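Reading through the structure tokens given below for one structure.
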Amino acid sequence: MRVWPGKPYPLGTTWDGMGVNFALFSEHAENVELCLLDSVNADRESHRIVLPEYTDHVWHGYLPDARPGQIYGYRVYGPYLPKAGHRFNPNKMLLDPYAKAVIRPIHWCPAMYGYRTGDPDEDLSFDPDDNIKYAPLAAVIDPAFVWGDDRPPLVPWHKTVIYEAHVKGMTARHPDVPPELRGTYAGFASEPVIHHLKSLGITAVELMPIHHAINDERLINIGLVNYWGYNTIGYFAPDLGFTSQNSRQSPVTEFKMMVRTLHAAGIEVILDVVYNHTAEGNRFGPTLSFRGIDNASYYRLAAYDQSRYMDFTGCGNTLNMMHLRVLQLIMDSLRYWILEMHVDGFRFDLASALARELYEVKKLGAFFDIIHQDPVISQVKLIAEPWDLGQGGYQVGNFPVLWTEWNAKYRDLVRRLWNTGSFEVSELATRISGSSDLYETSGRKPNASINFVTCHDGFTLEDLVSYNEKHNDANGEENRDGENNNISFNHGVEGHSEDPTIRSLRFRQKRNFMATLLFSLGVPMISGGDELSRTQKGNNNGYCQANY
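Residue numbers (this note's numbering): 6 to 553.
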């Protein structure tokens, strides 16, 4: 197949109507091969093409004979020196970090790891096995789509009511959604779902992660899945698992159709995004993309031993926000979802991790500086989960202007109010009137406070009034995961009760929570299903349960 020099930007793949440009950043690589496959079941490449040009740490080439739908991956050559931070292994097919469509999920096997699993040297060893039959694969897309007169609803913050939802969870058991659409983007955009949202007065849906994610091997081995999706490997690709069709273009097209339909109903689309870590995990994790492309650039590595990762996320690794190309990746991703996919905002998971320069959380770090001056990203809704798991990571009230925050202090106070009656009147007054102590000094208004009582992480509203203790045994971790952060108003009976008195009291308690939330100053966020008394049977960490 013919290859021309091409261009170093845009990164990823670009179809120009005549051919496709391929561009991949790797500062420390010695060579890069573009691998083309004829089908997702292929056990070998149809072509291996050495990218001919290297410009500003970007390897690039243009294929005049390539077309949308072309399946591809990369093999990247360089030193395998884990203690120096380098984990290049050309035996591993790697996913393009800028892939717009991931069309084959991972198939777990030892070849998915860059080191020999079970080796006495553990991750310091080198695995020679080829993983081409098992690795995630990407496809070139044609971005053309008929948006018609689609426009962002532009609902002002003071009129916003957010509904946090999971694409599958919202529709998988909905009796009025056609069976073939349940659990999909198309199902989420169906008339019964939109009617329900409109009947609640919802103005924005905050979708739990839809960036392409993987199911951890550990969970697969015990019959579970990473249901929530906070395990991203593709920051530009809608997750393949939420599509109702079976084509190389369908994840992108179906997502766009969902956004267009929600916009027509006046509902904004906010994405929960996970830019703080990736699905490759710690040093014992698989080599899927970033690790094999340029581990030393993409990840925060320990200074004393660069085979180890700095972990402020609890997920094994942290993206290196001090590297300009990593910042570019995130900004390019955000702009892509705004300009090409028409989303209206973002909720940033563990946002404090994005502000860490060297070690400390820095409120005005490079990440925030870039967003503030960006003419596209600065104009959409920006929501921070204002903490991470590192020292000094709890930053509620400390984010800069333009940002709103999940107000955990509001959540904790309202729970104490209705569950124990133990609270300070002055603090209650402050929380329900916009938490001025947190936001006023930085020049932000009460709508900087995203008020919530429940969210995906923790008890549902039904379980909040029904259980004192977590019941997470189904997660396979001997109930060690999750936190007992609740003193429940359950009248001495945990779980479901047929007693009409107890049921009535619990229903009243749920109304107390919801009324407080909706009448407080700030932006209310409802956890999807709370209005229907959804239960997880006391499981307050349902991340691996696709059955609620």
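Note that CB positions come from ideal geometry on N, CA and C, so glycine has one too.
This structure is a prediction, so every number in the text was calculated from the model and none was measured.
The region 298-313 contacting the region 182-196, beta-carbon criterion three pairs below 8 angstroms: Too few Cβ pairs lie closer than 8 angstroms, so no.
Beta-carbon separation (whole angstroms), Gly481 vs Ile227, contact threshold 8 angstroms: On the sequence shown, residue 481 is found 476 positions in, with the first residue counted as 1. On the sequence shown, residue 227 is found 222 positions in, with the first residue counted as 1. Right, the Cβ-Cβ distance comes to about 5 angstroms (below 8 angstroms), so this counts as a contact.
Three-pair Cβ contact test at 8 angstroms for the region 351-361 versus the region 389-408: A contact exists between the region 351-361 and the region 389-408.
3-residue-minimum beta strand (DSSP E) runs that sit fully inside the region 193-249, ordered along the chain: Within the region 193-249, the beta strand (DSSP E) runs of at least 3 residues that lie entirely inside it are, in chain order, 209-212, 216-218 and 237-243.
Per DSSP, the bridge partner or partners of Trp113: Locating residue 113 in the sequence shown gives position 108, where the first residue counts as 1. Looking at the DSSP assignment, Trp113 forms no beta bridge with any residue, so it has no partner.
Bounding residues of the beta strand (DSSP E) (the contiguous stretch that carries Glu58): Here residue 58 is taken as the residue at index 53 of the sequence shown, counted from 1. From DSSP, the beta strand (DSSP E) with Glu58 extends over Glu58 to Thr60.
Cβ pair Val172, Phe260 closer than 7 angstroms: On the sequence shown, position 167 is the one that residue 172 refers to. On the sequence shown, position 255 is the one that residue 260 refers to. Result no, Cβ atoms of Val172 and Phe260 do not sit closer than 7 angstroms.
Pro133 to His216 span [Cα, whole Å]: Stepping through the sequence shown from its first residue, residue 133 is reached at position 128. Stepping through the sequence shown from its first residue, residue 216 is reached at position 211. If I take the Cα positions, the gap works out to 30 angstroms.
Given His33 as reference, the closest of Gly533, Phe295 and Arg156 once Cα atoms are compared: One-based indexing of the sequence shown puts residue 33 at position 28. Nearest option by C-alpha distance: Phe295.
Continuous alpha helix (DSSP H) stretch holding Ala413: start and end: By one-based count along the sequence shown, residue 413 stands at place 408. Run containing Ala413: Ala413 to Asn424, per the alpha helix (DSSP H) assignment.
Local conformation of Ile54 per DSSP, three classes: By 1-based counting over the sequence shown, the position of residue 54 is 49. DSSP, read as helix, strand or coil, puts Ile54 in strand.
DSSP beta-bridge partners of Ser532: In the sequence shown, counting from the first residue as 1, residue 532 sits at position 527. Looking at the DSSP output, Ser532 sits in a beta bridge with Glu169.
Alpha helix (DSSP H) runs wholly inside the region 278-308, at least 4 long, in chain order: If we require 4 residues or more, the alpha helix (DSSP H) runs fully inside the region 278-308 come out as 295-303.
contact_flag[the region 93-100, the region 198-208] where n(CB pairs < 8 angstroms) is 3 or more: Not touching, per the Cβ criterion.
Alpha-carbon to alpha-carbon, Ala307 and Pro13: What you label residue 13 is simply residue 8 of the sequence shown in a count that begins at 1. What you label residue 307 is simply residue 302 of the sequence shown in a count that begins at 1. For Pro13 and Ala307, the distance between alpha carbons rounds to 30 angstroms.
Counted within 10 angstroms of its Cβ, other Cβ atoms place Leu418 as buried (16 or more) or exposed: The residue given as residue 418 occupies position 413 in the sequence shown. Under this definition Leu418 is a buried residue.
Unbroken beta strand (DSSP E) run spanning Glu432, endpoints: Numbered from its first residue, the sequence shown carries residue 432 at position 427. In the DSSP assignment, Glu432 falls outside any beta strand (DSSP E) and lies within the alpha helix (DSSP H) extending over Val430 to Ile437.
Asn46 classed as buried or exposed, judged by whether at least 16 other C-beta atoms fall within 10 angstroms: Counted from its first residue, the sequence shown places residue 46 at position 41. With fewer than 16 other Cβ atoms within 10 Å, it is exposed.
Leu387 vs Phe372 beta-carbon contact at 7 angstroms: The residue given as residue 387 occupies position 382 in the sequence shown. The residue given as residue 372 occupies position 367 in the sequence shown. It is not a contact, given that the beta carbons lie outside the stated cut-off.
DSSP state of Val274 mapped onto helix, strand, coil: Counted from its first residue, the sequence shown places residue 274 at position 269. Three-state result, Val274: strand.
Alpha-carbon spacing of Tyr333 relative to Gly500, whole angstroms: On the sequence shown, residue 333 is found 328 positions in, with the first residue counted as 1. On the sequence shown, residue 500 is found 495 positions in, with the first residue counted as 1. In the sequence on display, residue 333 carries Gln and not Tyr. The alpha-carbon atoms of Gln333 and Gly500 are separated by roughly 48 angstroms.
4 or more residues per run - each alpha helix (DSSP H) lying fully within the region 70-131: Within the region 70-131, no complete alpha helix (DSSP H) run reaches 4 residues.
For Cys549, the three-state DSSP class (helix, strand or coil): Reading the sequence shown from its first residue, position 544 is the one you call residue 549. In the structure shown, Cys549 sits in a helix (DSSP, three-state: H, G or I).
Three-state class that DSSP yields for Ala34 in the structure shown: Here residue 34 refers to the residue found at position 29 of the sequence shown. Note: Ala34 maps to coil in three-state DSSP.
Cβ shell of Tyr139 (< 8 angstroms), same chain only, five flanking positions each side left out: For the purposes of this step, residue 139 is taken as residue 134 along the sequence shown, with counting starting at 1. Closer than 8 angstroms at Cβ, skipping near neighbours: Ile111, His112, Trp113, Cys114, Ala116 and Met117.
Neighbourhood of Gly487 by C-beta distance below 6 angstroms, restricted to the same chain and skipping five residues each side: Locating residue 487 in the sequence shown gives position 482, where the first residue counts as 1. Apart from sequence neighbours up to five positions away, the residues of its chain that approach Gly487 with a beta-carbon distance below 6 angstroms are Lys475, Asn477, Asn545 and Asn546, ordered along the chain.
For Ile437 and Leu526, believed in contact at Cβ under 8 angstroms, the rounded distance: Stepping through the sequence shown from its first residue, residue 526 is reached at position 521. Stepping through the sequence shown from its first residue, residue 437 is reached at position 432. Going by Cβ atoms, the distance from Leu526 to Ile437 rounds to 7 angstroms, so yes, they are a contact pair.
Counterpart residues of Tyr67 in DSSP-defined beta bridges: Within the sequence shown, the letter at position 62 stands for residue 67. Trp9 and Asn26.
Proximity winner among Gln75, Val63, Pro161 and Val37, relative to Gly24 (alpha-carbon distances): As a working note, residue 24 is residue 19 in the sequence shown. Out of Gln75, Val63, Pro161 and Val37, Gln75 has the C-alpha closest to the C-alpha of Gly24.
Segments assigned alpha helix (DSSP H), at least 4 residues, entirely inside the region 358-403: 371-378, all fully within the region 358-403.
Simplified DSSP state of Tyr472, which is helix, strand or coil: Against the sequence shown, residue 472 aligns to sequence position 467. Looking at Tyr472 - three-state DSSP - the assignment turns out to be coil, as it is neither helix nor strand.
Trp64 Cβ short of 6 angstroms to the ligand SAH heavy atom set: The model depicted lacks the ligand SAH and carries no ligand whatsoever.
Candidates Phe457, Leu407 and Gly426, of which the one nearest Gly448 by Cα: Position 443 of the sequence shown, counting from 1, holds the residue named residue 448. For Gly448, the closest C-alpha among the options Phe457, Leu407 and Gly426 is that of Leu407.
The region 193-203 in contact with the region 231-245 per 3-pair CB rule at 8 angstroms: With the rule of 3 Cβ pairs closer than 8 angstroms, the region 193-203 does not count as touching the region 231-245.
Status (buried if at least 16 other CB within 10 Å, exposed otherwise) for Glu429: The residue you call residue 429 lines up with position 424 of the sequence shown. With fewer than 16 neighbouring CB atoms inside 10 Å of its own CB, Glu429 falls in the exposed class.
Asp337: first and last residue of the uninterrupted alpha helix (DSSP H) it sits in: Residue mapping note: residue 337 aligns to position 332 of the sequence shown, counting from 1. Residues Leu329 to Leu344.
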